[in-house]
Each structure stands twice: as C-alpha cells, then as structure tokens.
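What follows is a short report on a single structure.
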Ligand code: GCB
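Numbering (our numbering), first residue to last: -13 to 675.
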C-alpha cells in the first residue's frame, strides 16, 4: 500500500532540480524515515543505493537469518518542472530495487516489483500545469516472498540505481508503457548471408482519437536506408500496435568480435491530430545455433562461446554503478578476449547491453529465479514471469542477447522451498511464445533429469578444485551433467576458485577450504589452468563462463582475506588489479600480445628453490633471473609455461621475461622476489669413488 502523500508536500517549495530538456531525473532528495522527510532530505544523485558499503562490510546474517545489511524502505522525492502544454509526460525508471511505489502530487501511479527491470508510468493526468509537481518514490528492498529472487550469493541493494528519464511525448505516441520497453519489438525471422527478415511491432498509445501512420526504416551504419515498411493504425484511443516485416538481401551480419555490425531501426509515427514521434534502436542481424555434439555456430561457423560471468556490482557503489563503470566492465571483458558474458543473475542494464552489441560480445540474459521458489510457487512464479516478460521486452532488440535463461541452481530443498518444475516449465513456455527466435537456458547444479530437460540449452555450475575435489578439470563433471539430459546441448555456466590477493603461496599443492580464511591466489591460477585445459578438450561445450569476472559483495560470506566478499573474480572488486588467472585467459583468448609472469605478489620468499611460471601467447620467450638466462619454459597448460629448478639468492631477485610480437614489437614483464634469511645450502654431493 502506498501511503497517501502528506498535504505538506503540496507546498513543496524547492525549485525543480532539473529541466525537461535534460530528460534525466538525476537529482533527488532522500530519506530513510518517511516521505515527508524526503521532501527536505539530503540531495542524492542517481544512480543511488543506500547499500553502497554495508553488504561488503561482512555483517553476514543475524541469528534470525535476516540479512545484515539494510533491507528496508527509503523515500526519494523530486520536483518536476512545469510541463509543456499539450504534451504527455512519462517517467521511466531503469531499475528501482526491489519494489517501487511511485506517486505524483499524492496520486499513486503504481507499484513495480522486481529489482532489475525498467518500468514507466504516465504522469500527465496528475501534473499541475502551473504549480508544484512532486514525484515521490518509495523504494523498498525488504525481503518478501512474492518478489524474485528469494535467495542468492549476493546482496539486493535498495534504491533508484539506474537512470530515471522524463519523456515528453505527443498525444499519440510510441508507447513507453509496454513492459518497460522502448515501444518497438524486433524479432529476427531470418538472417543469413543472402537475406534477412525482421518482424517489427510498434506499440502505440493514443490519448487523442486519431489515426496513425508508422514508417519503419532500417538504416545501415552510414545512415542509408536499406529496408523500409509502413503500417497504419485506424482512428481510436488507447493502446494498439502495428506490425511489419522488413527484409533485405545480402545483409551485413553482426558477426561477434570480428565484425559487430549494427543497423539502426528508426520507427516514426505521424498521426492525424498532428502527433509525431520517433524511436531509434540499434539492431544486429545474426544467426546463432547450437548442436549438442558440436557446440555453437555463429552465422553458420563454429563459434564456441568462451566467456565470463558478471555481476553489476562495484566497490563503494554496490549496484549503483555509473554508466562509465558499466562500459568499463564490458571493456574488461573485451580485453580478456572473451566472446561472451553471462549477465548473472538478473537482467543487466541497457547501457551494458548496448556496449556488448557494439563490442560484439554475446550475452546470456537471465531471469532472477535462484535457489528456491519458496513456499508459494504460484505467487513467486507469477513475479518471475513478469520479470522475464519485462526483460524480454526490454532486451530483445539487442543482437548480443543470445538466450533467455530461466533459473540458476533452482532446487527444492533450499529454505524448504517447493518443487520448482511447474514454475520453470511455465517460464519456458512464456519465453518460447514471446520470442521463438532465441533458445531458453538454465544453469543447474544438480543432475536432475526433469529439471535439466526443460530449457533448450543447459549449462552447469561446477567447481572442481574448489567445492569439489580434483584440481579443476571438467571432463568427468561435464559427462555426468550431460548424462542427466543427453539430448540437450551442454555448457558450463560457472566454474572458478577464490583468490585473496594478500594470500600468497606459489608452491600451494592442495585446494584450500572454500569457507576457510586462506585463499591463495596461486590456487585460483592452478584451478583455471586445469579447467581451461579440459575445456579445450570439449568442443561440444557450447559455452563456458568463468565465475566471475570480478570479485563481488556477498553478505553472508566470511572467508578469504575479507568478509562479505566472494573473491572468485579474475579482477578485484574495485577493478584495479588483474589477478594472475586473468592473464591465463587473456593469453588464450585475446589477440593482444600477452607475457605475464605469475606470483608477482608472492614477493617475500622463504625457500630458495622455486619455479618461474608465465602465461604467454608469444613465441621465443626469454627469461632471466638476476640477469642470467634461464632455460626455456615448458608448456604445462594452454599458454602456460614453467621453468623448474630455479634457485634464488638471498635478498632481492629479479625475474625478467621478454619476447617479440610477429611485427617485431618488444613485450616484457618483470617481478621481484625477496628471499628472506640465508639461503638453504644444497646438500653436498656424495664424492665419486
Ligand atoms: C554458484 C552460484 C553463484 C555463486 C557461486 C559461488 O553456483 O550460482 O551465485 O556466487 O556459486 O561462488 O559459490
């Protein structure tokens, strides 16, 4: 229930914090106490969360099982400028976590349930032409049984954490009110070298009784139209839609990292009442197919998806990442040479997906159904379905999005939850009906035949060398998951190991305790070396995704060097440090020259006898120790080399590596290790008699 806006708000005397021309509603007043207090509260900027630092503070959960970070309501208020006469005004929220109640001048506009999808409301009927216009949002991230996800290894930061836009539109317009989408829905019917066909639906909203003409133009990267179509909507009021097919011969395909070519789909509306509206979307044309024995094919060519998982989470900001940080994450994923990313475990932002479209990174899009459907599957399932529909409506034009994932590690025991099969089946049917052009997917952690036989594409979360035994190889794990649903194409949705940067022991031979305090970085490297070697033996794995690109906050974890952090990232939570394992992948996946000496942080040495390891994709790497040449490295994992029997001298030692690229550029790396105390003397050789 929304609380009625107090009368005092009508007299909200603060000047508008922005103008319509800005379209972004970036500045709000904020309170953790009440709507009244928000009106005169502190000023905050969007993206904002009140959980910027308390999730990773490692407060864990209290005795009642409640999260130790603030899960509660907060209020945001802002003052809108005077609207332009004759225009309709809508407000669109990129995401408010996790339940939002929005009101304008005391009139409730609506409630949105879900932490990571966009939604919009029309403001027009309640806007006062001359007076104060107070927009109020109650955001609440309190746990509740009817909003997915019910659980997960991450926090649900509360707040208005993605952009808020104010949209001024004519009486007849392209609708902002359809499931948070941009009002234009694109489905690829065909996209190969000879021909492409798109089904395009424009959703219209009519506040005036008028007929409308809608023109669609597909523009190439230079802005030239390559396909056009038009449709008309007869006179009427309210919501309606028009549909066309756009076709073109010899399309320029969106071809992943090699050539992420994008067209622009321009939708223009002109109505008999004089209304005019335009919407532009970037569109890529491509075909992605999956074969259970041969893996993935992009535009007909083998294209194994090799990538990482990502959370929208950053040190000091939690989910309130800036758009620059969203793009920085995509750039890091591009840098490592991945061609795919799993946007775990909820819908990621438009900014991130736009960047993936542009860079050629394929994206696994995921609905937030995790661990359990709880006690009331029908209720939770309805919310999961809504979030799935919103995600699909908002993301379906993105060429980068290749699947609709329905669940992560769903089970029936966790939290006493009920059997999830009916919910997963329902989501699968919905996704197929809404978008027949993309496969559904699921990330499972159990060899459960019924569950693993629902989605089109399956992948498992498996952690050999970390939660499981072994050193990190996936051959046996892959086989056993595949056996649970042999007719499905299988991939690996998660694998990895934790690594605390202050925990150094290059000689580590045995996996540490996952829930323990000692998580040496070197073990993470070993696990990934074994994992990658095994993945290279599995061309049938359609996709593999490292868990995780970056460390992230997890409220209940008390492990490794820092409580409240899941440190399985290849880079740190602040993205400042690339761990050694980052370079293993970069050496294997990227075209950039890589020469990286390992164990650079294991600088205080106790033993003189050691090894030198490096990751490199260059030929003829030369390594020296204190200026003296060492023997050539021996390959022991993909692009991983070791030089054995290296003996350090007391005090400072410098290891230097050098190589040349094919075009003659020199690439170098160096590490310093300090041997503490006197060097151990080698045992005297027995004298020959
Ligand atoms: C998983 C979960 C993921 C966790 C990860 C871990 O299987 O899907 O959310 O963070 O394991 O690190 O344990």
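Glycine included, each C-beta is placed from N, C-alpha and C at the ideal position.
| query | result |
| --- | --- |
| So residue 458 and residue 512 are in contact, right, with Cβ under 8 Å, and what is the actual spacing, rounded? | 7 Å |
| Name, in chain order, the residues that DSSP records as bridge partners for residue 645. | 653 |
| Tell me whether residue 73 counts as near the ligand GCB, meaning its Cβ is closer than 6 Å to at least one heavy atom of that ligand. | no |
| Roughly how many angstroms separate the alpha carbons of residue 682 and residue 168, rounded to a whole number? | Residue 682 cannot be examined here, being either before or after the span of the chain that is shown, -13 to 675. |
| Just to confirm, does residue 713 get its C-beta within under 6 Å of one of the non-hydrogen atoms of the ligand GCB? | Look at the range of the chain in this structure, -13 to 675, and you will see that residue 713 is not part of it. |
| Per DSSP, which one or two residues make a beta bridge with residue 264? | 254 |
| For a quick check, are the C-beta atoms of residue 132 and residue 85 less than 7 Å apart? | no |
| Please name the residue or residues paired with residue 618 in a DSSP beta bridge. | Its beta-bridge partners do not exist; DSSP assigns none. |
| Which of helix, strand or coil does DSSP assign to residue 495? | coil |
| Per DSSP, what kind of secondary structure is residue 463 in: helix, strand or coil? | helix |
| Using the beta-carbon count (16 or more within 10 Å), is residue 523 buried or exposed? | exposed |
| To which residues does DSSP link residue 83 through a beta bridge? | 145 |
| In three-state DSSP terms, what is residue 582? | strand |
| By alpha-carbon positions, which one of 292, 244, 569, 124 ends up nearest to residue 520? | 292 |
| Could you tell me whether the segment 341 to 361 touches the segment 597 to 615, using the rule of 3 or more Cβ pairs below 8 Å? | no |
| From residue 501 to residue 23, what distance separates their C-alpha atoms? | 42 Å |
| Which word fits residue 452, buried or exposed, when buried means at least 16 other C-beta atoms lie within 10 angstroms of its C-beta? | buried |
| If distances are taken between C-alpha atoms only, which option among 251, 99, 659 comes closest to residue 372? | 99 |
| Applying the 10 Å Cβ sphere with the 16-neighbour rule, what's the burial state of residue 631? | exposed |
| What does a CB cutoff of less than 6 Å around residue 567 pick up in its chain, not counting 5 residues either side in sequence? | 510, 511, 514, 556 |
| Closest to residue 435 by C-alpha separation, out of 122, 409, 304, 470, would be which residue? | 470 |
| Check whether the segment 341 to 349 touches the segment 359 to 374, taking contact to mean three or more Cβ pairs, one atom from each stretch, closer than 8 Å. | no |
| Does DSSP put residue 363 in a helix, a strand or coil? | helix |
| Taking C-beta to C-beta, are residue 166 and residue 398 nearer than 7 Å? | no |
| What do you reckon, are the CB atoms on residue 586 and residue 494 nearer than 7 Å? | no |
| Under 8 Å, with one C-beta from each stretch per pair, do the segment 276 to 290 and the segment 526 to 538 reach the 3-pair mark? | yes |
| Determine the extent of the beta strand (DSSP E) in which residue 332 is found, giving its start and end residues. | No beta strand (DSSP E) contains residue 332, which DSSP labels as neither H nor E. |
| Contact defined as beta carbons within less than 8 Å: I believe residue 290 pairs with residue 147. What is the distance between those atoms, to the nearest angstrom? | Not quite, the Cβ-Cβ distance comes to about 34 Å (not below 8 Å), so this is no contact. |
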